[in-house]
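Peer 1: In terms of UniProt numbering, the numbers along the sequence shown are unbroken and rise by one, the last being 89.
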Amino acid sequence: MMSSEVRSVIDKVIRKIAEERSLSLPALKDDTEIVDELGFSSMMVAGLIANLEEELGVDPFQDEDVMITDIRTIKHLCDVYVSCLARSR
Numbered sequence: 001m002m003s004s005e006v007r008s009v010i011d012k013v014i015r016k017i018a019e020e021r022s023l024s025l026p027a028l029k030d031d032t033e034i035v036d037e038l039g040f041s042s043m044m045v046a047g048l049i050a051n052l053e054e055e056l057g058v059d060p061f062q063d064e065d066v067m068i069t070d071i072r073t074i075k076h077l078c079d080v081y082v083s084c085l086a087r088s089r
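1) DSSP has GLU33 in a bridge; who is on the other side?
2) Which residue's Cα is closest to the Cα of LEU52: SER3, MET2, VAL9?
3) Which residues mark the beginning and the end of the alpha helix (DSSP H) in which MET2 is found?
4) When you compare only the Cα positions, how much space is there between ILE14 and LEU48?
5) What did DSSP end up calling ARG89 once you bin it into helix, strand or coil?
Here you go:
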């Protein structure tokens, strides 16, 4: 799966979670910070990761090579999933 496809899934899941919580979102850019700019709580981030695992079929945080608390931006999240998907082939 290409980076643009992963990004599309991430954007879709972020929008879904924001809609469920009635959050208004800024434009989703690479450098948009998930917690600070989108206003995602730790529970919302957990939901984001669970939804992404379901959509993409991988959990890049299971091996603890990368900690979810290290992820700040949408691009970093995307890069982590792209890397994990490449390793799982």
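All C-beta atoms, glycine included, are put in the ideal place defined by N, C-alpha and C.
Peer 2: In this structure, then:
1) THR73
2) VAL9
3) MET2 -> no alpha helix (DSSP H), and no H or E assigned at all.
4) 7 angstroms
5) coil
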